[in-house]
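Notes to accompany the following structure.
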Amino acid sequence: MARIYVASLSDYNAGHLLGKWIDLDGKDADDVQDEIAAMLRTSKHPNVRVRCPDCEHDRDSQWCIPCGGYGTVPSAEEWAIHDYDDCPDMGENPSLEALLEQVRLIEEHGDAWEAYTECVGIKYATESGFEDARAGEADSELEWCEQFLDDCGTLSKIPENLRLYFDTERYLRDMKYGGDVSFEEVNGTVYAFWNH
Ligand SMILES: [Zn+2]
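Just so you know, we're using our numbering here: the sequence shown kicks off at 22 and counts up by one.
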């Protein structure tokens, strides 16, 4: 379950911890923003007034109890993400849209997506880049290389009695240091990505 811990900065700066774990699965940016706003309205160190959530849809409600009919309630303004659980760490103030997009991509592509973001850096990881770069997965780099040589028929071009002299490890090393392919291990599986 992907979630973030969002803290109120005016409370934090006053030495008071106010924050909330917010689940991200299946939510859009507005849902998350609403939950953050609700947390900020419980601040002990408010520094702004925001529209009252209890009467904002009903302007005739003069006797709204939470805001006393003012239409606004006190709230803290600034927030920051202070912890991440089961989702990529995008710093203290990411765009919520970008963060939720990451959550969706992990849900869609699993560990392979995580491996890709480790490989290219989260800021550069796009879904089309991922699809272009993806080069399969295996239990080890060497196993991946054997599979690759098999798939492209390279070994079958070598006379059978000479095949055992083929140095797969060296071939793999050259592929890696030549910059053709990158590997990233996540949860015991090695994911391969083309670099071009
Ligand atoms: Zn109100």
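Every residue, glycine too, gets a C-beta built ideally from N, C-alpha and C.
- Approximately 4 angstroms separates the beta-carbon atoms of residue 214 and residue 154; this is inside 8 angstroms, confirming the contact.
- Put simply, of 201, 166, 210, 76 the residue whose alpha carbon is nearest the alpha carbon of residue 216 is 201.
- The alpha helix (DSSP H) runs lying completely inside the stretch 141-181 and spanning 4 residues or more are 148-154, 162-172, given in chain order.
- With the rule of 3 Cβ pairs closer than 8 angstroms, the stretch 87-103 counts as touching the stretch 67-75.
- Residue 207 is positioned such that its CB atom lies closer than 8 angstroms to that of residue 132.
- With a cut-off of 7 angstroms, the C-beta of residue 87 is classified as near ligand 1, since at least one heavy atom of the ligand falls inside that distance.
- Of the residues 29, 41, 176, the one whose Cα lies closest to the Cα of residue 69 is 29.
- Residue pairing of residue 206 in beta bridges, as defined by DSSP: 211.
- For residue 186, there is no enclosing alpha helix (DSSP H), as DSSP gives it neither H nor E.
- Looking at the DSSP output, residue 42 shares a beta bridge with 26.
- The secondary-structure analysis by DSSP pairs residue 69 across a beta bridge with 96.
- Of all C-beta pairs linking the stretch 97-111 to the stretch 24-40, three or more are shorter than 8 angstroms, placing the two stretches in contact.
- Counting of Cβ neighbours within 10 angstroms places residue 183 among the exposed residues, the total staying below 16.
- Residue environment for residue 59: exposed (fewer than 16 other C-beta atoms within 10 angstroms of its C-beta).
- The beta carbon of residue 50 lies closer than 7 angstroms to those of 117, 118, 121 in the same chain, with the five residues before and after it left out.
- Comparing alpha carbon positions, the residue from 139, 123, 199, 192 closest to residue 168 is 192.
- In the structure shown, the three-state DSSP call for residue 35 is coil.
- DSSP places residue 118 inside the alpha helix (DSSP H), whose first and last residues are 117-130.
- With a cutoff of 8 angstroms on beta-carbon distance, residue 181 and residue 140 are scored as not near each other.
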